[in-house]
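Residue numbering for the sequence shown follows the working numbering, beginning at 2 and increasing consecutively. Note that beta-carbon positions come from the ideal geometry of N, C-alpha and C, so glycine has one too. Notes follow the structure.
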Amino acid sequence: MEQQDFWELIIKHLLKETSAEEDERVKRWLQENPEDLKLYIEIKSNWNFDESEYPQFNLDNAKKLVRNKIFFRKENAIGNTKKSKPAFSFRKIATIIFLLIGLSGAVAFWFSNMKLADDVLVENNSGKIKNINLPDGSKIWLTTTSKIRYPRKFEENYREIYLEGEAFFEVQHNAKRPFSIYTQDLKTTVLGTSFNISAYPDSENISVTVATGKVSVSRGNERLSLLTKDEKLTYSHRTNKIHTTQISNPNWNEWKNGQLIFKESNFGEVATILEKRYQVTITFKNESAKNCPITASFNADKSINEILDMLCRLNPTSYKLLTHDQILITGKGCLKKDKNMQ
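Below, the structure is given as structure tokens:
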């Protein structure tokens, strides 16, 4: 049994929703995994605690913490107005969070299956940029294969949304209601500004780039950086390190208008972006071709074939359509100089 399956079973067990066979599975797992047994005992001992005995416990903060851990769920997609309630009380949820906060990977599956009433999920699988207007007047440009979750009505003292993928934000200024975007590991907070976040689940890095104003980026309770205009922060999941650079390309955010602009990128990075934009899979017969430098820009009306035609001219490579969504790049590698193609 996988660890995430175990924790799912534990939650069912605490809710008394397990069968005799499932109870036996829980028992066997705990016998074989003493560290999980210790954690289980701690959870169970706190499961029915009385909030009145814990004045430091704040239910609103617990709810907020739950929100900060939620991932996306297709059943809440935009257009589905059906409301649903959490399967059990927030104080029990909060108990688990406080006890398992260090095991976010192990419990992420559970949060991904919990619905919140009045949340909207927008998934962009259209192959085009999707424009979204939020309840406070803020605007979002959502790239293809990306998704966001936000409440139909923001809280009185804060505005929070959840992003998976890439989006550009123009946030309506409100000094009394900070605007926060949660991604896998990071929280980006502003009062009113414009900026870009790239946080794909299959990417090693998260990046935050500022167009106007100031943006605070934090991880847990630690503020990593305060970014200003044309600054970019890159955070590595693998190393937990950050790198901040100054953006020299004035057109870096033109993608929201449909343009693709690459400056001093490599072919592998470009291929990853094309895969998301055109919903295809691009593989390289020669892995070294991924390192070929690319500086190029393409208008929104260009097809994947037209773009690959141009890219393959930059270096001695060619491409082959294996299926309608499978593309193979062949060829040895790189010319010494890259070119700028329009």
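For residue 283 and residue 235, I'd like the C-alpha separation in whole angstroms.
Residue mapping note: residue 283 aligns to position 282 of the sequence shown, counting from 1. Residue mapping note: residue 235 aligns to position 234 of the sequence shown, counting from 1. Using only the alpha carbons, I get a separation of about 24 Å.
CA-CA distance, residue 293 and residue 172?
As a position in the sequence shown, residue 293 is number 292, starting the count at 1. As a position in the sequence shown, residue 172 is number 171, starting the count at 1. Each residue's Cα considered, the two are about 37 Å apart.
Quick one: grab the DSSP three-state call for residue 193.
The count along the sequence shown starts at 1 and reaches residue 193 at position 192. In the structure shown, residue 193 sits in coil (DSSP, three-state: anything other than H, G, I, E or B).
What three-state label does DSSP hand residue 142 in the structure shown?
On the sequence shown, residue 142 is found 141 positions in, with the first residue counted as 1. Residue 142: strand per DSSP, three-state reduction.
Can you tell me where the beta strand (DSSP E) holding residue 236 begins and where it ends?
The count along the sequence shown starts at 1 and reaches residue 236 at position 235. Start and end: 232-237.
Which residues in the same chain have their Cβ closer than 8 Å to the Cβ of residue 125, if we skip the five residues on either side of it in sequence?
Taking the first residue of the sequence shown as 1, we reach residue 125 at position 124. Around residue 125: 131, 143, 144, 145, 146, 147, 148 and 166.
Specify, as a first and last residue, the run of the beta strand (DSSP E) that residue 211 falls within.
In the sequence shown, counting from the first residue as 1, residue 211 sits at position 210. 206-213 is the extent of the beta strand (DSSP E) around residue 211.
Are the beta-carbon atoms belonging to residue 237 and residue 265 less than 8 Å from one another?
As a working note, residue 237 is residue 236 in the sequence shown. As a working note, residue 265 is residue 264 in the sequence shown. No, they are not a contact pair.
Pull the bridge partners of residue 131 from the DSSP assignment, please.
Taking the sequence shown and counting its residues from 1, one reaches residue 131 at position 130. The partner list for residue 131 (beta bridge, DSSP) reads 143.
Residues bridged to residue 328 (per DSSP)
As a first step, residue 328 must be located in the sequence shown, where it is residue number 327. Paired residues: 283 and 322.
I need the boundaries of the beta strand (DSSP E) containing residue 264, first residue and last residue.
Position 263 of the sequence shown holds residue 264. Start and end: 261-267.
Determine contact between the stretch 320-332 and the stretch 272-281, defined as no fewer than three beta-carbon pairs at a distance below 8 Å.
yes
Considering only C-alpha positions, which residue in the set 180, 122 and 158 is nearest to residue 139?
For the purposes of this step, residue 139 is taken as residue 138 along the sequence shown, with counting starting at 1. When each option's Cα is compared against that of residue 139, the closest is 180.
Counterpart residues of residue 171 in DSSP-defined beta bridges
Here residue 171 refers to the residue found at position 170 when the sequence shown is read from its first residue. According to DSSP, which records beta bridges pairwise, residue 171 is partnered with 140 and 195.
Assign residue 125 to one of three DSSP states: helix, strand, or coil.
In the sequence shown, residue 125 corresponds to position 124, counting from 1. It is a strand residue.
Using the Cβ count rule (16 or more neighbours within 10 Å means buried), how would you classify residue 200?
Sequence index remark: in the sequence shown, residue 200 carries index 199 (1-based). So residue 200 ends up on the buried side.
Who are the Cβ neighbours of residue 269 in its own chain at under 6 Å, not counting the five residues just before and after it?
Taking the first residue of the sequence shown as position 1, residue 269 is located at position 268. The answer, listed in chain order, is 291.
Report, in whole angstroms, the separation of the C-beta atoms of residue 212 and residue 258, which I expect to be a contact under 8 Å.
The sequence position of residue 212 within the sequence shown is 211, counting from 1. The sequence position of residue 258 within the sequence shown is 257, counting from 1. Residue 212 to residue 258, Cβ: 13 Å. No contact.
For residue 197, is the classification buried or exposed, using 16 other Cβ atoms within 10 angstroms of its Cβ as the cut-off for buried?
Numbered from its first residue, the sequence shown carries residue 197 at position 196. It is buried - the Cβ of residue 197 has at least 16 other Cβ atoms within 10 Å.
Need the endpoints of the alpha helix (DSSP H) that residue 220 sits in, please.
The residue given as residue 220 occupies position 219 in the sequence shown. Careful: residue 220 lies outside any alpha helix (DSSP H), inside the beta strand (DSSP E) at 216-220.
Apply the 10 Å Cβ neighbour rule to residue 176 and answer buried if 16 or more other Cβ atoms are within range, or exposed otherwise.
Counting from one through the sequence shown, the residue named residue 176 turns up at place 175. It counts as exposed.
Residue 121 and residue 150 - do their beta-carbons sit closer together than 8 Å?
Numbered from its first residue, the sequence shown carries residue 150 at position 149. Numbered from its first residue, the sequence shown carries residue 121 at position 120. Result yes, Cβ atoms of residue 150 and residue 121 sit closer than 8 Å.
Between the CA atoms of residue 136 and residue 127 - distance to the nearest angstrom
Taking the sequence shown and counting its residues from 1, the one referred to as residue 127 is at position 126. Taking the sequence shown and counting its residues from 1, the one referred to as residue 136 is at position 135. Roughly 23 Å between the two C-alpha positions.
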